[in-house]
Structures are given as structure tokens and as C-alpha cells.
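>
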Amino acid sequence: MKFTELGLADPFVRATNTLGYEVATPIQAQAIPVVLGGRDLIGCAQTGTGKTAAFTLPMLQRLNDSRPAPTTGNGQHRP
């Protein structure tokens with residue numbers, strides 16, 4: 020399954036593609052949608068299968084989505 024099919028935002032998909040990763044490993048394909056959905060997850064896979072990215076990418080996306088919009092300095096939100 021490609022990263023574009025997992026529900027990740029474009030900046031995160033572009034970052035994975037830039038690093039040469041287009042197809043998710045099985046642990047990533049199974050874990051990313053679960054974490055993006057806000058559910059708890061326990062995963063087990065061999066070393067080198069992408070477990071760190073499996074929970075870090077959706078975690079970063081959830082943090083980014085919850086971040087307040089930047090302001091212009093006078094308290095107004097930028098478009």
C-alpha cells in the first residue's frame with residue numbers, strides 16, 4: 020500500500036517520497052490509519068520494518084493538525 024493511501028497529509032507523504040519511501044511496510048499500512056483515527060495501538064514487527072515511522076508519522080500529523088493557526092503579530096490569524 021502506498022503512503023498516499025494511508026490518510027497522511029501531503030507534507031508527510033512528500034517527505035516520505037523525498038526520502039525514497041513510496042510503499043508502506045505491512046506494520047506501517049496497518050498502524051498508520053489506526054493512530055490517525057486516535058485509537059491506541061500495540062504493534063510488533065521485526066527490526067528494520069518501519070515501526071518508528073508507523074507511529075511517528077501519524078503522531079506528527081495529529082500534532083500539526085491540533086496546532087493553533089499562526090498569527091500576524093497583532094493577534095489576527097493568517098489565512
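According to the numbering used here, the stretch in the sequence shown is residues 20 to 98, in order. For glycine and all other residues, C-beta sits at the position ideal for the given N, C-alpha and C. Fair warning: this is a prediction, and the values are worked out from it, not measured in the lab.
Does DSSP put Thr66 in a helix, in a strand, or in coil?
For the purposes of this step, residue 66 is identified with residue 47 of the sequence shown, where counting begins at 1. Looking at Thr66 - three-state DSSP - the assignment turns out to be coil, as it is neither helix nor strand.
> Could you check the C-alpha separation between Leu38 and Gln65 for me, to the nearest Å?
Here residue 38 refers to the residue found at position 19 of the sequence shown. Here residue 65 refers to the residue found at position 46 of the sequence shown. Answer to the nearest angstrom: the Cα atoms are 21 Å apart.
> Using alpha carbons as the reference points, say which of Tyr40, Leu25, Pro77 lies closest to Glu54.
In the sequence shown, counting from the first residue as 1, residue 54 sits at position 35. Residue 54 is actually Val in this sequence, not Glu. Nearest of Tyr40, Leu25, Pro77 to Val54, Cα basis: Pro77.
> Work out the CA separation of Gly56 and Thr44 for me, nearest whole Å.
Taking the sequence shown and counting its residues from 1, the one referred to as residue 44 is at position 25. Taking the sequence shown and counting its residues from 1, the one referred to as residue 56 is at position 37. Their Cα atoms are separated by approximately 19 Å.
> Tell me whether Thr90 sits in a helix, a strand or coil according to DSSP, three-state version.
Residue mapping note: residue 90 aligns to position 71 of the sequence shown, counting from 1. DSSP places Thr90 in strand when its eight states are reduced to three.
> To the nearest angstrom, how far is the alpha carbon of Arg58 from that of Gly69?
The sequence position of residue 58 within the sequence shown is 39, counting from 1. The sequence position of residue 69 within the sequence shown is 50, counting from 1. Going by the C-alpha atoms only, they are around 19 Å apart.
> Express the C-alpha separation of Leu82 and Leu27 in angstroms, rounding to a whole number.
For the purposes of this step, residue 27 is taken as residue 8 along the sequence shown, with counting starting at 1. For the purposes of this step, residue 82 is taken as residue 63 along the sequence shown, with counting starting at 1. Near 13 Å, if we compare the C-alpha coordinates of Leu82 and Leu27.
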